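Numbering (the numbering used here), first residue to last: 1 to 141.
Right, here's the structure in full:
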């Protein structure tokens, strides 16, 4: 039982780290654990999703802190202002794509920087990440 808890905690940590600025391979960890057939797949998907969502919200909060010292309007060039305008236009819904490699972390950071609503952002991030992890699990069942 102890080894199972360590494995599940490892998945959580991997998912959390993968959703911050640091790179990670939580999909590979999930795929391995699903293919081993020692764990409940639904629980693995939920654990990975929660860890990854909390990591994304950490990045969101970093963006929120950065906004206090560095307002977007004063710091960014006109071209980058257009990118932020796109995020403002779509609002929290753009965070559904926070699971995407490379740009996902930036979307979460920008969401915090632009002070998008936290509760709605959290729910949307969670569902985007849940769909991604469910797909990975389905492929490796």
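Each residue gets a CB set at the ideal place from its N, CA and C atoms; glycine is no exception.
The structure displayed is predicted, hence computed values, not measured ones.
Secondary structure note for residue 100: it is in no alpha helix (DSSP H), with a DSSP letter that is neither H nor E. The closest CA to that of residue 121, considering only 132, 48, 109, is found on 109.
Going by DSSP, residue 140 is part of the alpha helix (DSSP H) stretching over 118 to 140. CA-to-CA, the gap between residue 100 and residue 2 works out to about 33 Å. Excluding the 5 residues flanking it on each side, residue 48 has same chain C-beta neighbours closer than 7 Å at 11, 15, 26, 30, 133, in chain order. The alpha-carbon separation between residue 65 and residue 59 amounts to approximately 10 Å.
A Cβ-Cβ contact shorter than 7 Å links residue 19 with residue 52.
116 is the residue among 32, 116, 56 whose C-alpha sits nearest the C-alpha of residue 87. The DSSP-derived three-state label of residue 22 is coil.
For residue 61, the uninterrupted alpha helix (DSSP H) run begins and ends at 41 to 69, by DSSP.
Taking all protein chains in view, the Cβ of residue 5 is surrounded by fewer than 16 other Cβ atoms within 10 Å, so the residue is classified as exposed. Rounded to the nearest angstrom, the gap between the Cα atoms of residue 33 and residue 90 is 36 Å. A check of alpha carbon separations from residue 131 across 24, 9, 44, 38 identifies 44 as the nearest.
Measuring C-alpha to C-alpha distances from residue 98 to each of 55, 140, 139 identifies 55 as the nearest.
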